[in-house]
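Q: In the working numbering, the protein residues as written are 1295 to 1571.
A single structure is presented below for examination.
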Amino acid sequence: MFHKDLLQHKRILITGGGTGLGKGMASRFLELGATVYICGRREEVLKATADELKTNGPIHAIACDVRSLEAVERMIESIWKEGALDILVNNAAGNFIARTEELSPRAWESVINIVLMGTLHCTMACGRRWLAAKRSGTVLSISATYAPVGSAYVVPSAVSKAGVEALTRSLAVEWGNRGIRMNAIAPGPIPTQGAFSRLLPHSGLEAVALDRNPLHRFGTIEELANLAAFLVSDGSGYINGEVVRMDGGEFLQGAGEFSAVGRVLTDKDWESLRPRK
Ligand code: HXC
Ligand code: NAP
1295 MFHKDLLQHK RILITGGGTG LGKGMASRFL ELGATVYICG RREEVLKATA DELKTNGPIH
1355 AIACDVRSLE AVERMIESIW KEGALDILVN NAAGNFIART EELSPRAWES VINIVLMGTL
1415 HCTMACGRRW LAAKRSGTVL SISATYAPVG SAYVVPSAVS KAGVEALTRS LAVEWGNRGI
1475 RMNAIAPGPI PTQGAFSRLL PHSGLEAVAL DRNPLHRFGT IEELANLAAF LVSDGSGYIN
1535 GEVVRMDGGE FLQGAGEFSA VGRVLTDKDW ESLRPRK
């Protein structure tokens, strides 16, 4: 799909890069010539991923909890000592389904601090350095399709992802004139252990999600990684402030007033509705 050197000489940090979609992006970016840094809370998970992917190219694992501004500053400073980053991917997240009235203050904080504050900490740490050095940079954040409309049962995530999208669009304008591009991807369901164990913890939920998708399948990590590679590459240099939805049409299926008609009407029904000649 891409030239092998698409991301050559690009230095990329992927938060939450030890598992799931982050690991998939790390793998693809390495294949395309990038130098990749991955961070997360669990050092052993990061090390195992770096070990697995190191044959694809240079990959560095750094244990860092993005909720902590100090920890993020330490990580970014240590990366910059080896050379400035070109690209930041805000991918780390926390999420679970719960009835909102049952959430404790710590439950709210646990999600908001990872998704919104973690994204802010990393974006500010990189953005300030790029601006000070008059260097260009690209930020890609991984959002969710429910960010612009909200969603029942994942409210801490919905409010956080909405904030991430507002940050993306705001800074695309404020920093765009100084060479910093800000974009996001809003994926529909893509099977990862982290997401599916917490959000679709029942086979009935998976069946409902498949059924309501026009393509009747989930997305793949490879599809997400390819879109991410395009959006962080120089070839997409005029795309700034966009949130690209990647969900097989699931969001629009839910929005269209008559989307469900096709499930009810049979061929015979359609035949009877055609004007008689
Ligand atoms: C209600 C819950 C809960 C649940 C945790 N809490 N899970 N409350 N229902 N299912 C509460 C706890 O009781 C505690 O509050 C507080 O949240 C913090 O919990 P901890 O376990 O101490 O927090 P921590 O170890 O920091 O873990 C954070 C986490 C966890 C978010 C709770 O799930 C996590 O580490 N997640 C990281 C990976 C992840 O979530 N990946 C999925 C991303 S998928 P009290 O008051 O009891 O102390 C995604 C989009 C999916 O985001 C879209 C799909 C289509
Ligand atoms: P995942 O495997 O659980 O990934 C989440 C990653 O974030 C983990 O590697 C986790 O590592 C890291 N993380 C969590 N808290 C952190 C913290 N405080 N500091 C640093 N790292 C932290 O789930 P995923 O499905 O790949 O999700 C990746 C991204 O895609 C998320 O932004 C998610 O919201 C988004 N998304 C996923 C789907 C889907 O269906 N899979 C759909 C829409 C959006 P540690 O636990 O080791 O810290």
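Note that CB positions come from ideal geometry on N, CA and C, so glycine has one too.
1. Under the three-state reduction of DSSP, which class applies to Leu1434: helix, strand or coil?
2. In three-state terms, what does DSSP make of Val1383?
3. Have a look at Ile1479 and Lys1571 and give me their C-alpha separation to the nearest angstrom.
4. Decide if Tyr1440 is buried, meaning its Cβ has at least 16 other Cβ atoms within 10 Å, or exposed.
5. Does DSSP put Ile1484 in a helix, a strand or coil?
6. Please state whether DSSP places Ala1478 in a helix, a strand or coil.
7. Provide the residue span of the alpha helix (DSSP H) that contains Ala1452, from first to last.
8. Closest by CA to Lys1298, which one among Leu1326, Met1476, Thr1394?
9. Comparing the CB of Pro1483 with every heavy atom of the ligand HXC, is any distance shorter than 8 angstroms?
10. Looking only at its own chain, which residues have a Cβ that is under 8 angstroms from the Cβ of Arg1506, when we skip the five neighbours before and after it?
11. Which of the three DSSP states, helix, strand or coil, is assigned to Met1295?
12. Would Leu1465 and Thr1432 qualify as a contact pair, given that the criterion is a beta-carbon distance under 9 angstroms?
13. Any heavy atom of the ligand NAP closer than 8 angstroms to the Cβ of Val1409?
14. Ignore the nearest five residues each way along the sequence and tell me which others in Gly1531's own chain have a CB closer than 8 angstroms to its CB.
15. Return the chain-ordered list of same chain residues with a C-beta closer than 7 angstroms to the C-beta of Ser1527, the five sequence neighbours on each side being excluded.
16. State the Cα-Cα distance for the pair Glu1371 and Ala1419, rounded to the nearest angstrom.
A: In short, the structure shows the following:
1. strand
2. strand
3. 49 angstroms
4. Label assigned to Tyr1440: buried.
5. coil
6. strand
7. 1449-1468
8. For Lys1298, the closest alpha carbon among the candidates Leu1326, Met1476, Thr1394 is that of Leu1326.
9. yes
10. Glu1544, Gln1547, Gly1548
11. Residue state, collapsed to three classes: coil.
12. no
13. yes
14. Arg1475
15. Same-chain partners within the cutoff: Leu1300, Leu1301.
16. CA-CA distance, Glu1371 to Ala1419, rounds to 9 angstroms.
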